[in-house]
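Asker: Structure incoming, see below.
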Amino acid sequence: MIRKGLRPGFRLSFRLINEKAGFQRTWRIRRSWIAIGVVAIMDAVFLFPAVMTFNQASAGWSRFDSLFDLVAALFLSAWLLGWAVAPLLLSGILVLLLFGRDTLEVFPGKVELGMGLPLLRLVAVYDVAHMRNLRLENPPKKSGKSWRGQHFAFDYGANQGAFGSQVQADELTEIRNGIHMASGQFIRRGEALPGETEIPWEPEQAVKEITPASDSADGTKKPLMLSSPSSLALIVANLVPVAGAVFLGWKLSDVMVLYWAESAIIGFFNVCKIAVIGRWFALAAGPFFLGHFGGFMAVHFLFIYTIFVKGPDNMDSGGGDLGEVARLFVVLWPALLALAISHAYSFFNNFLGRGEYKGRTVSRQMSEPYARIVFMHLVLIFGGGLSLVLGQTELVLILVIAAKIYADLKAHVREHSK
809 MIRKGLRPGF
819 RLSFRLINEK
829 AGFQRTWRIR
839 RSWIAIGVVA
849 IMDAVFLFPA
859 VMTFNQASAG
869 WSRFDSLFDL
879 VAALFLSAWL
889 LGWAVAPLLL
899 SGILVLLLFG
909 RDTLEVFPGK
919 VELGMGLPLL
929 RLVAVYDVAH
939 MRNLRLENPP
949 KKSGKSWRGQ
959 HFAFDYGANQ
969 GAFGSQVQAD
979 ELTEIRNGIH
989 MASGQFIRRG
999 EALPGETEIP
1009 WEPEQAVKEI
1019 TPASDSADGT
1029 KKPLMLSSPS
1039 SLALIVANLV
1049 PVAGAVFLGW
1059 KLSDVMVLYW
1069 AESAIIGFFN
1079 VCKIAVIGRW
1089 FALAAGPFFL
1099 GHFGGFMAVH
1109 FLFIYTIFVK
1119 GPDNMDSGGG
1129 DLGEVARLFV
1139 VLWPALLALA
1149 ISHAYSFFNN
1159 FLGRGEYKGR
1169 TVSRQMSEPY
1179 ARIVFMHLVL
1189 IFGGGLSLVL
1199 GQTELVLILV
1209 IAAKIYADLK
1219 AHVREHSK
């Protein structure tokens, strides 16, 4: 869903209150001991496995001698990273329910509404000229704002704002006069002005500043073609393994490891995309994605190393030498650099430059890499199985690279043409 209308600015504040404010008020968030008890129980339920996994991961990192040990530690750490999002959020909510504050600060031309703890607040900044219909509201029970009790509300574009908790009716006049005196403007009554309810909510200005102009004069996107710069860059980057196979003696196992590393590069830029789309929500969504994607990548590498690097005949010859694993990546650095540059160019030119972030949701972006990676690696595994049957031949290697380029390019064009 794309929200429309004027939107406030957001920032973090690490001070108790701004002494420069012309008018200010603070309310303690109403405590609901039933809600506090429920959140505390849920927090404990999520914290117990998190603590157990943390102890196991710490033990794994303190002593690992083989690739199997390293993968186990990485998998536990990734699982912990994804799982920890829930207890961290629940702990934050619990602290907020116990000690939270709601603040109002007024400056010339603007109102700042804060929510949080005394020394850590999320602040929303509103332009007084666009605030309308300041009023008292008494929400019904079980509604989304029932935790506030009677509070102040106002209209802002197509949306509403709220502040205060368990306020009294006689405070409304004081708040209205205080905002007027400190801001120099009245909060008007009536309907929204033309344009105040139609402006779509876009990512932060920082994204816009690094975003080039749209593809066409009317701001619409042209379909991505095979001849586009990002497609050509992807083709060139994928041809580097061909040069490695011809001139440097790279084997199929080297190429399999290389494409595993490319999946990690895709995952990194997907976190960047989540940050652009989700903004503050990315603080929770990013670690959650890294958790399940990191666990997938750890197990996937162990599979590739065991089947294609060591081979079926050597599966029982130890847990995998870490020095040997490190040398695999050192040899592959030219291709890794080329693939990283290709995906970086696609991120800045397509995702930001062509405005592909517009209209996307975090949930969709979190799942997007899997379709591309799974299909790509099915092609590789099929080629790897063919190589195991026919032997390590350059023809099989070239066929695998060609099939991967086709699958990768097709997924690239489909992804960036949505």
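Mind the numbering: the sequence shown is residues 809 to 1226 in my numbering, read in order. Glycine included, every Cβ here is placed at the ideal spot set by N, Cα and C.
(1) If you draw a straight line from the C-alpha of LEU1144 to the C-alpha of ILE1073, how long is it?
(2) Starting from the Cα of ALA798, find the closest Cα among ALA1219, LEU1217, GLY817 and MET1064 and give me that residue.
(3) Could you tell me the alpha carbon to alpha carbon distance between TRP1068 and SER1171, rounded to whole angstroms?
(4) Assign SER1039 to buried or exposed, taking buried as 16 or more other Cβ atoms, counted over all protein chains shown, within 10 Å of its Cβ.
(5) Can you tell me whether GLY1119 is helix, strand or coil according to DSSP?
(6) What does a CB cutoff of less than 6 Å around ALA1092 pick up in its chain, not counting 5 residues either side in sequence?
(7) Identify the residues that DSSP records as bridge partners of PHE915: which are they?
(8) Name the DSSP bridge partner or partners of ASP963?
(9) For the segment 883–898 against the segment 855–874, are there 3 or more C-beta pairs whose distance is under 8 Å?
(10) Identify every residue that forms a DSSP beta bridge with ASP935.
(11) Is the segment 926–942 touching the segment 1135–1154 in the sense that three or more CB pairs, one from each, lie closer than 8 Å?
(12) Please give the ranges of any beta strand (DSSP E) in the segment 876–918, keeping only runs that are unbroken, at least 3 residues long and fully inside the region.
(13) When you compare only the Cα positions, how much space is there between PRO1011 and ASP877?
(14) If you follow the beta strand (DSSP E) that LEU820 is in, where does it begin and where does it stop?
(15) Where do the N-terminal and C-terminal ends of the beta strand (DSSP E) with TRP835 fall, by residue?
(16) Any idea if ASP873 is buried or exposed, counting beta-carbon neighbours within 10 angstroms, 16 or more meaning buried?
(17) Would you tell me roughly how many angstroms separate the C-alpha atoms of ARG1135 and ALA858, rounded to the nearest one?
(18) Can you give me the Cβ contacts of ALA1053 inside the same chain, cut-off strictly under 6 Å, excluding the 5 residues immediately before and after it?
(19) Quick one: Cα of ARG823 to Cα of GLY830, how far?
(20) Buried or exposed, going by whether 16 or more other CB atoms sit within 10 Å of the CB of TYR964?
(21) Can the beta-carbon of VAL847 be found closer than 8 Å to that of ILE901?
(22) In this structure, what does DSSP give as the bridge partners for GLU1070?
(23) Can you give the Cα-Cα distance for ILE1085 and LEU814, rounded to whole angstroms?
(24) Using the rule of at least 16 other Cβ atoms within 10 Å of the residue's Cβ for burial, across every protein chain shown, is ALA1025 buried or exposed?
(25) Helix, strand or coil for GLU945? Go by DSSP, reduced to three states.
(26) Verify whether the separation of the beta carbon atoms of GLY1103 and VAL1079 is less than 8 Å.
(27) Pull up the distance between the alpha-carbon of PHE960 and that of LEU904, whole angstroms please.
(28) Along the chain, where does the alpha helix (DSSP H) containing ASP1251 start, and where does it finish?
(29) Using only CA atoms, which one of VAL853, GLY917 and GLU920 lies nearest to SER899?
(30) Out of PHE1077, PRO916 and SER870, state which residue places its alpha-carbon closest to the alpha-carbon of GLN832.
(31) Within a Cβ cutoff of 6 Å, which residues of the same chain sit near ILE842, ignoring the five residues on either side of it in sequence?
Answerer: The answer reads as follows:
(1) Taking the straight line joining both Cα atoms gives about 9 Å.
(2) It is not possible to answer for residue 798, since the shown part of the chain is limited to 809 through 1226.
(3) Roughly 24 Å separates the two Cα atoms.
(4) Buried, because 16 or more other Cβ atoms sit within 10 Å of the Cβ of SER1039.
(5) DSSP places GLY1119 in coil when its eight states are reduced to three.
(6) The answer, listed in chain order, is VAL893.
(7) Here PHE915 is bridged, per DSSP, to LYS918.
(8) According to DSSP, which records beta bridges pairwise, ASP963 is partnered with ARG940 and GLN968.
(9) Yes, since at least three Cβ pairs between the segment 883–898 and the segment 855–874 fall closer than 8 Å, the two stretches touch.
(10) BP columns for ASP935 point to LYS918.
(11) In this structure the segment 1135–1154 does not touch the segment 926–942; the number of beta carbon pairs closer than 8 Å is below three.
(12) Correct list: 909–915.
(13) Its pLDDT being 49, under 50, PRO1011 is placed unreliably in this model, and the coordinates cannot settle the point.
(14) 817–821 is the extent of the beta strand (DSSP E) around LEU820.
(15) 831–836 is the span of the beta strand (DSSP E), which, as asked, contains TRP835.
(16) Classification of ASP873: exposed, given that the 10 Å Cβ count is below 16.
(17) If I take the Cα positions, the gap works out to 34 Å.
(18) The beta carbon of ALA1053 is closer than 6 Å to those of LEU1205 in its chain, skipping five residues each way along the sequence.
(19) Between the alpha carbons of ARG823 and GLY830 lies a distance of about 16 Å.
(20) Counting every other CB atom within 10 Å of its CB across the protein chains shown gives TYR964 a total of 16 or more, marking it as buried.
(21) With contacts defined by Cβ atoms closer than 8 Å, VAL847 and ILE901 form a contacting pair.
(22) According to DSSP, GLU1070 bridges with nothing at all.
(23) ILE1085 and LEU814: Cα-Cα distance of roughly 18 Å.
(24) Reliability fails at ALA1025, whose pLDDT of 42 lies under 50, so the model's placement of it is uncertain and no value is given.
(25) GLU945: strand per DSSP, three-state reduction.
(26) No, the pair does not count as a contact, with Cβ atoms beyond the cut-off.
(27) Those two C-alpha atoms are separated by around 20 Å.
(28) It is not possible to answer for residue 1251, since the shown part of the chain is limited to 809 through 1226.
(29) Here the closest residue by C-alpha is VAL853.
(30) A check of alpha carbon separations from GLN832 across PHE1077, PRO916 and SER870 identifies PRO916 as the nearest.
(31) Taken in chain order, the list of residues that qualify is empty.
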